[in-house]
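Student: Going letter by letter, the sequence shown gives residues -1 to 120 in the working numbering. The beta-carbon is built from N, C-alpha and C at its ideal position, and this holds for glycine as well. None of the values given here were measured: they were computed from a predicted structure.
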Amino acid sequence: MDDKALRKNTKVSNVARAYSKELADEGCIDAANVGRNPELSKAALENAGLSFNNWGERIMIGNMDAIGFANSVIESNDARNTLISANYAICGIGASVYTESAGKAVYYPNMVIDFVDRVSAL
């Protein structure tokens, strides 16, 4: 078995950050109500100048801190399987926050993680 760690890539992170910002701008507060069409995710990665065979995306919303995000990954079979999948070698991470009612301390942070199997220029 060939264990490899995921590597972070700037272009993939830029795609994840853009979608994370879009989610915050739209006021999304529940990951159950969010799901980007896989073809849109693929197109965003290709538009960033990337070529790849496999891609994926995980979206987490509403955990109040880094520990909450980590627990979401640990407790979610889908998220955990994506992170340890041999289908991916590269990741990009984006995070934003939607603040409900300006001036009140009600925050809905989100994290978008995009994955690809390899990175090469188009």
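First and last residue of the beta strand (DSSP E) that includes residue 72?
Tutor: Segment 64 to 73 is the alpha helix (DSSP H) holding residue 72; no beta strand (DSSP E) there.
Student: Between which residues of its own chain and residue 72 is the CB-CB distance below 7 Å, once the five residues before and five after are set aside?
Tutor: Within the same chain, residue 72 has close Cβ partners 78.
Student: Can you give the beta carbon distance from residue 187 to residue 18, rounded, assuming they're within the 8 Å contact cut?
Tutor: Since the displayed the chain opens at -1 and closes at 120, residue 187 lies outside it and no answer follows.
Student: Roughly how many whole angstroms lie between the Cα atoms of residue 115 and residue 91?
Tutor: Cα-Cα distance, rounded: 15 Å.
Student: Can you tell me the Cα-Cα spacing of residue 9 and residue 117, whole angstroms?
Tutor: Residue 9 and residue 117: Cα-Cα distance of roughly 9 Å.
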